[in-house]
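Encoded as C-alpha cells, the structure appears first; notes follow it.
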Amino acid sequence: MKKKIVVLTGAGVSAESGFATFRDTGGLWEQFDVNEVASIEGWYRNRKLVLDFYNQRRAQLRDARPNAAHVAIAELEKRFDVDVITQNVDNLHERAGSTRVLHLHGELTKMRPENGEYDRSYSEKEVIDVGYDAVHLGDLAPNGSQLRPHIVFFGEAVPNIEKAIGLVEKADILLIVGTSLQVYPAAGLYRYASIDTPIYVIDPKPVPLSDKRVTMIQDVATKGMATFMELLRSVE
Ligand code: OAD
C-alpha cells in the first residue's frame, strides 16, 4: 500500500507564482485592512469594497501559473497517496495536477448567495463557479440574494476543518509548506498527526513549531520541495 502524505499549504507556496503573502513585509495585510476586506463584519459594512478586493485577486489568478512547488506536490501522487489541505483560495494546486485538494478558507473562483443554504448547512449546491469574472453589487444568485465570495471570512466557521483533521490523523508523513501558522484552526492541524508521523516544514523563515517530530527545511517552496524529494528517498 502506498504511504499517505498529507500536505498543508499556505500563501508561501504561491509566493513564487507572484502572489504576495499576507503577513510578510509587503504582504497583503500591509496594503489592506484585514477587518475591512476579509471579515464578515467588513462584508456587511461595505460589500462593494470586499467584492472589489476579491475581483482583483481573481483577475490576478487568471494570469498566474503554478510554480515548481505546486508541480512537485502534484507529482507526489505518482508514488504516494496524497491529500492537499490548503489555506489558499487560489486554484494553483489543481492547475498543477493535484487531484485531491481540500480548501479550508474557500475558493476565489466561486461565489454563493449571501443568504442561502450554505450558511445553515454547508450544502454546496448553491455554490456557483464564476471562473475569473468580476462580480458586482447587484449580481444576484438564483435565490435573489447578493452573490458573495465563497471565502471563509474572519469571524466565520471553517466547515472543512473536520475533514482536514480526519486526513491529518491518517497521515504517514505530514508536509507543511509556506504558512506562518498564525491562523486557527488551520494552525493547530499538525497536532492531530500521530505520535510517530514525521512532520516536514518548508519555509524561508523558521516556523515556531516546538515539536520533536519536526524537520525544518528553511528555504523557499520550490527549492524546499526539491530538498524534501531527496529526503523522501531515505524514508521510502
Ligand atoms: P502568511 O502570510 O501568514 O504566511 C506566509 C508564510 O509563507 C510565511 O511563513 C512566510 O515566511 C512563508 N513564505 C514566504 N515566501 C515563501 C516562499 N517563496 N516559499 C515558501 N514559503 C514562503 O500566510 P498563511 O499562513 O497562508 O486567510 O495565512 C493564513 C491565512 O491568513 C490565509 O489563508 C488568509 C490569511 O488571512 C483568510 O483570508 C481567511
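Just so you know, we're using my numbering here: the sequence shown kicks off at 152 and counts up by one.
Beta carbons are placed, not taken as given, at the ideal position from N, Cα and C, and that holds for glycine.
Whole angstroms are fine: how far does the CA of residue j sit from the CA of residue i?
i	j	result
S272	M367	39 Å
D347	K363	10 Å
G306	E226	35 Å
V240	H256	6 Å
E268	E277	7 Å
D214	A337	28 Å
G193	V201	7 Å
A372	P355	8 Å
G163	M380	18 Å
R198	I353	36 Å
A166	N294	37 Å
V281	P357	37 Å
A315	L332	15 Å
L259	S361	33 Å
T378	G169	22 Å
A220	M376	6 Å
G161	Q238	5 Å
S296	E275	16 Å
L253	Y205	20 Å
D203	Q182	14 Å
P359	T250	30 Å
Near residue i, what residues of its chain come up, given a Cβ to Cβ distance below 8 Å and the 5 sequence neighbours on each side ignored?
i	result
K153	R230, F231, D232
K321	K155, V157
D284	R209
W180	F173, R174
I191	F304, F305, G306, E307
Taking only heavy atoms of the ligand OAD into account, decide whether any of them is closer than 7 Å to the Cβ of residue i.
i	result
P349	no
H287	no
S361	no
D184	no
A162	yes
G329	yes
A189	yes
G178	yes
F231	no
E167	yes
F305	yes
R174	yes
H256	yes
P310	no
I224	no
K261	no
Q333	yes
P300	no
Would you verify that the beta carbon of residue i is, or is not, closer than 8 Å to some beta carbon of chain C?
i	result
E187	Annotation note: the requested chain C is absent from the structure, which comprises a single protein chain.
Excluding the 5 residues flanking residue i on each side, which residues of the same chain have their C-beta closer than 6 Å to its C-beta?
i	result
P217	L243, R246, A247
V222	A247
I327	L159, V352
A292	P264, L298
Please go through the same chain and pick out, in chain order, the residues whose beta-carbon is closer than 7 Å to the beta-carbon of residue i, but skip the five residues on each side of it.
i	result
V365	I350, V352
D370	I353, P355, T378
Touch test, the stretch 292-308 against the stretch 254-270, Cβ-Cβ under 8 Å, three pairs minimum: Contact holds: three or more Cβ-Cβ distances are below 8 Å.
Does the structure place the stretch 336-344 close enough to the stretch 183-192 that three or more beta carbon pairs sit under 8 Å? Fewer than three beta-carbon pairs drawn from the stretch 183-192 and the stretch 336-344 are found closer than 8 Å, and the two stretches are therefore not classed as touching.
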